[in-house]
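First the structure, in the form of structure tokens, and then the observations on it.
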Amino acid sequence: MDYVRVEEEGGIAVLTVDRQDKLNALNPQVVEEIGQALLDLGNKEVRAIIVTGAGERAFVAGADIAAMSEMDPIEAKHFAETSNAAMALLDRSPIPTIAAVNGFALGGGCEIALACDIRVASENAVFGFPEVSLGIIPGMGGTQRLPRLIGPGLAKELILTGRRISAAGAKKIGLVNRVVPQGEALDAARSIASEIAGNGPLAVRHAKAAANKAQEVDLISGLDYESDQFALLFSTRDAKEGMKAFVEKREASFEGR
Ligand code: COA
């Protein structure tokens, strides 16, 4: 891979988009590499995936505008579909995903962050959807995931104005979970990933699936889904171990079974 690298340590994988001369902008090759890296990680025993950008300035400064300026509608549709497939690997992955936003997260960068389960930003991060200023619209899920996360009114204001907002502004509207000093986003994401990794892996997987369901179905169907997942976990050794460990006043030892 030319633009994406993955490092694993202690069951936590860090996927870094590294195309610093273009502020990590996403051309079709970068998107394909992100998708491939996430597919590869799906076959491994990792407990959390962190996505970040290389360098000090950018998380991802959006889709590659120069590359898009050459696309016809068929190529644009293909680009949107491969991008959406990669985003679905973050969103739908049974493994929790965390965006460590270390700088510009514009357009496609913001959309990668939105596809993750949790977003941590350094205080120099900048968010926004500048697509309409280019005569296009978000094509990697922004118009769908942003309203679901922060509500339709604020989402439409951001998408229709193309305005950039600071990390503090993003925190205020619930676009990011927490803001940390510059240079500390990755460490903060690692710390959240470690907290998650200490829990029962099957429980975490089913909890994510149930929370995802809340975005997709009505309340009654969602509650049904939750109670099914709840009951299913009672067939696992980890559930027995987790509850027994509490009763016996000791640390649980989870096996993922
Ligand atoms: N697509 C393609 N190239 C991009 C890019 C993008 N989305 N974002 C940045 N780059 C490139 C610049 O063209 C420049 O390349 P060059 O050195 O070969 O000219 C390099 O990255 C550095 O960017 P530059 O604009 O010089 O940095 P800056 O600090 O002055 O501005 C930004 C930073 C992020 C404000 C500015 O690059 C920008 O507005 N980028 C586009 C953001 C955007 O609209 N994204 C959504 C696309 S749908």
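For the sequence shown, counting from 1, position 135 maps to 215 in this note's numbering; every step adds exactly one. All C-beta atoms, glycine included, are put in the ideal place defined by N, C-alpha and C.
Inter-residue Cα distance where the pair is residue i and residue j
{"i": "A166", "j": "P227", "result": "20 angstroms"}
{"i": "V200", "j": "G122", "result": "22 angstroms"}
{"i": "G263", "j": "A180", "result": "10 angstroms"}
{"i": "N107", "j": "D82", "result": "12 angstroms"}
{"i": "D298", "j": "Y305", "result": "11 angstroms"}
{"i": "R85", "j": "F209", "result": "26 angstroms"}
{"i": "N204", "j": "S307", "result": "42 angstroms"}
{"i": "L234", "j": "I114", "result": "29 angstroms"}
{"i": "L282", "j": "L238", "result": "37 angstroms"}
{"i": "M245", "j": "I272", "result": "The displayed chain sequence assigns Ile, not Met, to residue 245. Each residue's Cα considered, the two are about 24 angstroms apart."}
{"i": "K293", "j": "I216", "result": "30 angstroms"}
{"i": "G187", "j": "A269", "result": "21 angstroms"}
{"i": "D101", "j": "V327", "result": "55 angstroms"}
{"i": "R137", "j": "E161", "result": "28 angstroms"}
{"i": "N182", "j": "T316", "result": "38 angstroms"}
{"i": "A93", "j": "G135", "result": "18 angstroms"}
{"i": "R116", "j": "I129", "result": "It should be pointed out that residue 116 corresponds to Gln in this sequence rather than to Arg. Their backbone Cα atoms lie some 14 angstroms apart in a straight line."}
{"i": "A290", "j": "G249", "result": "29 angstroms"}
{"i": "D152", "j": "A146", "result": "13 angstroms"}
{"i": "M323", "j": "K329", "result": "10 angstroms"}
{"i": "V126", "j": "E88", "result": "8 angstroms"}
{"i": "K157", "j": "T132", "result": "26 angstroms"}
{"i": "A311", "j": "T177", "result": "25 angstroms"}
{"i": "H286", "j": "L119", "result": "19 angstroms"}
Endpoints, the beta strand (DSSP E) within which residue i is located
{"i": "E198", "result": "Residue identity differs from the one stated: residue 198 is Ile in this sequence, not Glu. Its beta strand (DSSP E) spans residues 198 to 202."}
{"i": "V181", "result": "177 to 181"}
{"i": "F326", "result": "It is not in any beta strand (DSSP E) - F326 instead sits in the alpha helix (DSSP H) that spans 317 to 327."}
{"i": "A185", "result": "184 to 186"}
{"i": "A141", "result": "From DSSP, A141 is part of no beta strand (DSSP E); its letter is neither H nor E."}
Residue i: CB within 7 angstroms of a non-hydrogen atom of the ligand MN
{"i": "D144", "result": "Among the ligands present in this structure, namely the ligand COA, the ligand MN is not found."}
Assigned secondary structure, residue i (DSSP; H/G/I helix, E/B strand, else coil)
{"i": "A105", "result": "coil"}
{"i": "S274", "result": "helix"}
{"i": "Q156", "result": "Residue identity check: residue 156 is Ala in the sequence provided, not Gln. Helix."}
{"i": "I92", "result": "strand"}
{"i": "F207", "result": "strand"}
{"i": "E352", "result": "Residue coverage of the chain in this structure runs from 81 to 337, which leaves residue 352 outside it and unanswerable."}
{"i": "V212", "result": "helix"}
{"i": "I114", "result": "helix"}
{"i": "S173", "result": "coil"}
{"i": "I217", "result": "coil"}
{"i": "V259", "result": "strand"}
{"i": "R244", "result": "strand"}
{"i": "A265", "result": "helix"}
Terminal residues of the alpha helix (DSSP H) in which residue i lies
{"i": "S149", "result": "Segment: none, S149 is in no alpha helix (DSSP H) and carries neither H nor E."}
{"i": "A235", "result": "232 to 241"}
{"i": "I130", "result": "Taken as a continuous stretch (DSSP letters only), I130 belongs to no alpha helix (DSSP H), being part of the beta strand (DSSP E) at 128 to 133."}
{"i": "L312", "result": "299 to 313"}
{"i": "A290", "result": "281 to 293"}
Rounded distance between the beta-carbons of residue j and residue i, thought under 8 angstroms
{"i": "A185", "j": "V212", "result": "17 angstroms between Cβ atoms; not a contact."}
{"i": "V97", "j": "N104", "result": "5 angstroms"}
{"i": "E191", "j": "G222", "result": "5 angstroms"}
{"i": "G242", "j": "S163", "result": "So it is not a contact: roughly 19 angstroms between Cβ atoms."}
{"i": "G336", "j": "D318", "result": "7 angstroms"}
Cβ of residue i within 8 angstroms of any chain B Cβ
{"i": "I217", "result": "No chain B appears in this structure, which consists of one protein chain only."}
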